[in-house]
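Enquirer:
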Amino acid sequence: MKIEVAEFAGFCFGVKRAMDMAWKELENAKENIYSLGQLIHNTQAVGKYKEKGLKVIDAVEGKISGSIIIRSHGVSLDVYNALKEQNVSIVDATCPFVKKIQDIVYKSFSEGKAIVIVGNPKHPEVIGINGWCKNSAKIVKTIDDIESYSWDDSEYSVVAQTTMNIDQYEHIKKKLTATVDHIEFHNTICLATKERQDASKILSKKAQAMIVIGGYHSSNTQKLTEICSQNCPTFHVETKEELDMSLISSYSHLGITAGASTPDWIITEVVEYIQENSK
């Protein structure tokens, strides 16, 4: 069996930066270290950090003693203000590309423009971004969502979730342009997202089947699965333990890609497991 890993797969810059910052804090910890939500959408990777002493909390409730890490997805302005009021030490691991979106939204909203976020309304990145315009944004995940809103003569400023499917974004952009009179677009889809999506698309057209490795709650991993599924049989797994060799052993050319929250060691484990069990 030929096993081919996509040119771009696994940790992106923002995730690696957040994980490195968190690990450094844990290595030098003299007090409690918290993360506000899961550091990344990868249970196995976060598990190693919990073993090191990281405490994951879902919200800031009561007095916190120690340092708190803002994960790569970022948080709302209100959360920052709440933490500052507590005088808690903040380790801001927000992805710089997400921070750029927050700045665009805050500036545009301050100028009186209405905000549109193209993305998943339930994703923590989108929830955080919306918090920089007082949660007033129109959030568009699909073209159908555009029809559900009423649009006035306001000036609209549009940003996109960093992990948005590029083709889907272009369809939404075209529809918004035809629907709204005064609108400006900020294409904030991360280059790493585009690289992974493009590489996965190319490989899935060559391979007989694809394995996508990443957390089931990872937005960018789900999108890689969607892209690959359009071209060949695709199997989404988090770890090597979930591989069903009876389903993939008949393929002579297997492609592998991984979401931006998937560490290299998990990719290596999957490749080695397939190699060992396909002989």
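What the sequence shown shows, in the working numbering, is residues 550 to 828, in sequence order. No residue lacks a Cβ here, since even glycine has one placed at the ideal position from N, Cα and C.
Are T817 and C561 closer than 9 angstroms when you measure CB to CB?
Expert: Contact flag unset, no.
Enquirer: Closer than 7 angstroms by C-beta to K690: which residues in its own chain qualify, once you throw out the five before and the five after it? Chain order, please.
Expert: Once the five neighbours on either side are set aside, the close Cβ partners of K690 are G668, N669, P670.
Enquirer: Taking DSSP as the reference, what is the three-state secondary structure of A594?
Expert: Residue state, collapsed to three classes: helix.
Enquirer: Out of S753, G623, A608, point me to the one whose CA is closest to I552's CA.
Expert: Selected option, being the one with the closest Cα: S753.
Enquirer: Is the beta carbon of V654 sitting closer than 9 angstroms to the one on S621?
Expert: Cβ atoms of V654 and S621: not closer than 9 angstroms.
Enquirer: Taking only three categories from DSSP, how would you classify V628?
Expert: V628 falls in the helix class under three-state DSSP.
Enquirer: Based on Cα-Cα distance, which residue from T774, S798, H802 lies nearest to A558?
Expert: Answer by Cα proximity: T774.
Enquirer: Could you check which residue in S625, T712, K649, G602 has the C-alpha nearest to that of I776?
Expert: Nearest option by C-alpha distance: T712.
Enquirer: Whole angstroms is fine: what's the gap from V564's alpha carbon to G680's?
Expert: Cα to Cα, V564 sits roughly 21 angstroms from G680.
Enquirer: Give the list of continuous beta strand (DSSP E) stretches no shorter than 3 residues that lie fully inside the region 793-825.
Expert: Counting whole runs of 3 or more residues, the region 793-825 contains the beta strand (DSSP E) stretches 802-807.
Enquirer: Report yes if the CB atom of H735 is closer than 9 angstroms to the CB atom of S703, and no otherwise.
Expert: No, these two residues do not count as a Cβ contact at 9 angstroms.
Enquirer: Report the three-state DSSP secondary structure of N735 (helix, strand or coil).
Expert: One point to set straight first is that residue 735 is His, not Asn, in the sequence displayed. Reduced to three states, the DSSP call for H735 is strand.
Enquirer: Nearest-angstrom Cα distance between E576 and E600?
Expert: When rounded, the distance between both Cα atoms is 12 angstroms.
Enquirer: Are there three or more Cβ pairs, one per stretch, closer than 8 angstroms when the region 582-598 is compared with the region 646-662?
Expert: Cβ pair count under 8 angstroms is below three, so no.
Enquirer: Closest to N769 by C-alpha separation, out of Q710, K755, W814, K789, would be which residue?
Expert: Of the candidates Q710, K755, W814, K789, the one whose C-alpha sits nearest the C-alpha of N769 is Q710.
Enquirer: Which whole-angstrom value describes the C-beta separation of K755 and G804, a residue pair presumed to lie in contact below a C-beta threshold of 8 angstroms?
Expert: Contact holds; Cβ gap of about 7 angstroms.
Enquirer: So, E787 versus I751, is the Cβ gap smaller than 9 angstroms?
Expert: No, these two residues do not count as a Cβ contact at 9 angstroms.
Enquirer: Determine whether the beta carbon atoms of I688 and L725 lie at a separation below 9 angstroms.
Expert: Taking 9 angstroms as the Cβ cut-off, I688 and L725 do not qualify as a contacting pair.
Enquirer: Is M759 closer than 9 angstroms to N767 when the C-beta atoms are compared?
Expert: Note that residue 767 corresponds to Ser in the displayed sequence, not to Asn. Their beta carbons are not under 9 angstroms apart, which means S767 does not touch M759 by this criterion.
Enquirer: Tell me the DSSP bridge mates of H785?
Expert: In the DSSP output, where bridge partners are listed per residue, H785 has V761.
Enquirer: Closest to V665 by C-alpha separation, out of I618, S685, T728, would be which residue?
Expert: Residue S685 is the option with its Cα nearest to V665.
Enquirer: I639 to I617, Cα distance in whole Å?
Expert: Spanning the two alpha carbons is a distance of roughly 5 angstroms.
Enquirer: Label S659 either buried or exposed according to how many other C-beta atoms from any shown protein chain fall within 10 Å of its C-beta, with 16 as the threshold for buried.
Expert: By the 10 Å Cβ count, S659 comes out exposed.
Enquirer: What does K604 pair with, by DSSP beta-bridge criteria?
Expert: For K604, which the question treats as bridged, DSSP gives the partners Y583.
Enquirer: In chain order, which continuous runs of the alpha helix (DSSP H) of length 4 or greater are located wholly inside the region 658-697?
Expert: Counting whole runs of 4 or more residues, the region 658-697 contains the alpha helix (DSSP H) stretches 673-679, 692-697.
Enquirer: For the ligand GDP, is there a heavy atom less than 8 angstroms away from the beta-carbon of E556?
Expert: Absent from the structure shown: the ligand GDP. Ligands present: none.
Enquirer: To the nearest angstrom, how far is it from the Cα of H785 to the Cα of G661?
Expert: The alpha-carbon atoms of H785 and G661 are separated by roughly 43 angstroms.
Enquirer: Out of K772, C739, K723, P645, state which residue places its alpha-carbon closest to the alpha-carbon of R566.
Expert: The shortest C-alpha separation from R566 is found at P645.
Enquirer: With a CB to CB cut of under 6 angstroms and the five nearest residues on each side skipped, what residues in its chain are close to V637?
Expert: Answer for V637: I613, I617, listed in chain order.
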